[in-house]
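In the numbering used here, the protein residues as written are -11 to 95.
Positions of the beta carbon are idealized from the N, C-alpha and C atoms, including for glycine.
The model shown is predicted, which means the values in this text are computed figures rather than measured ones.
Presented below is the structure to which this report refers.
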Amino acid sequence: MANQAKFGENTFSVGDTVVVSQKIVEGGKTRTQNFEGIVIAIRGSGENKTFTVRKIAVGGIGVERIWPLHSPWITKIKVKKKGKIRRAKLYYLRKKTGKKATKVKAA
């Protein structure tokens, strides 16, 4: 698979805490920015597969980002923690505040 190096041995699923390294071009310079959060949704299939990552930013504001799984801008996806969940989508985390918004049972 072409993206095997990008994901390494650890594939991720909904409920996992991941760090997505994204390549950002500003002017003529390129840098890598990390986005760490919980995967709350995976949708689509094949080349059209996308995933949504949610994190709690400064001030308790929730930030969600959606990436295509096979995006050339993603350099690496690292799984920090596996989650044990019983739902396909974790949209209920949007209503939670504080520490409860980041709590998912560990696998």
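Distance check for residue j and residue i, CA to CA, integer angstroms please.
i	j	result
Glu24	Phe0	13 Å
Lys68	Ile49	22 Å
Ala45	Ile12	19 Å
Arg75	Thr40	15 Å
Lys70	Gly3	7 Å
Identify the residues that DSSP records as bridge partners of residue i: which are they?
i	result
Gly86	Bridge partners of Gly86: none, in fact.
Ala94	Gly71
In the DSSP assignment, find the beta strand (DSSP E) that holds residue i and state where it starts and stops.
i	result
Lys66	62 to 69
Measuring CB to CB, does residue i end up less than 8 Å from residue j?
i	j	result
Leu57	Lys37	yes
Ala94	Leu81	no
Ile65	Val6	yes
Ile62	Gln21	no
Val92	Ile73	yes
Leu78	Ile28	yes
In chain order, each beta strand (DSSP E) run of at least 3 residues that lies wholly inside the region -7 to 57: 5 to 14, 17 to 31, 38 to 44, 50 to 56
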